[in-house]
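*Asks:* Right, I'll just put the structure down here and ask away after.
Numbering (my numbering), first residue to last: 250 to 354.
Structure (structure tokens):
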């Protein structure tokens with residue numbers, strides 16, 4: 250499991266409001282990492298949340314997949330720390346079962 254996938258799974262276990270700034274930002278980074286630049290049509294103006302999500306993703310135009318994944322991991326760590334501040338080392342989030350950047354053969 251990649252570090253990106255690990256934090257994606259971890260974030261999905263936190264009950265975030267889908268309208269929160271954190272969720273919208275994470276969603277934009279996730280879409281940029283998985284799908285690349287936003288080519289979807291802008292939602293109707295009465296879909297306020299949809300428009301905000303669309304705008305956030307569009308603002309990431311040109312960001313590489315790796316940059317978006319790194320941004321997602323960093324933002325996810327911040328959200329985890331904010332949502333669970335009493336967990337020691339949540340900010341660093343050094344976990345034994347977290348994926349390693351280097352795998353031994």
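From the three backbone atoms N, C-alpha and C, an ideal C-beta is built for every residue, glycine too.
1. Taking C-alpha atoms, which residue in 291, 280, 269 lies nearest to residue 257?
2. Any beta carbon from chain C within less than 8 Å of residue 291's own beta carbon?
3. By how many angstroms is the C-alpha of residue 260 removed from the C-alpha of residue 327?
4. In terms of residue numbering, what span does the alpha helix (DSSP H) encompassing residue 297 cover?
5. Measure from the alpha carbon of residue 275 to the alpha carbon of each residue in 332, 286, 318, then state which is nearest.
6. Go through its chain and collect everything with a Cβ distance to residue 302's Cβ below 6 Å, but skip five positions before and after it.
7. Tell me whether residue 351 sits in a helix, a strand or coil according to DSSP, three-state version.
*Replies:* Well, looking at it:
1. 280
2. Protein chain content of the structure displayed is limited to a single chain, and chain C is not contained in it.
3. 11 Å
4. 297-307
5. 318
6. 273, 276
7. With a pLDDT of 41 at residue 351, under the threshold of 50, the predicted position of this residue should be treated as unreliable, though the coordinate-derived value follows. In the structure shown, residue 351 sits in coil (DSSP, three-state: anything other than H, G, I, E or B).
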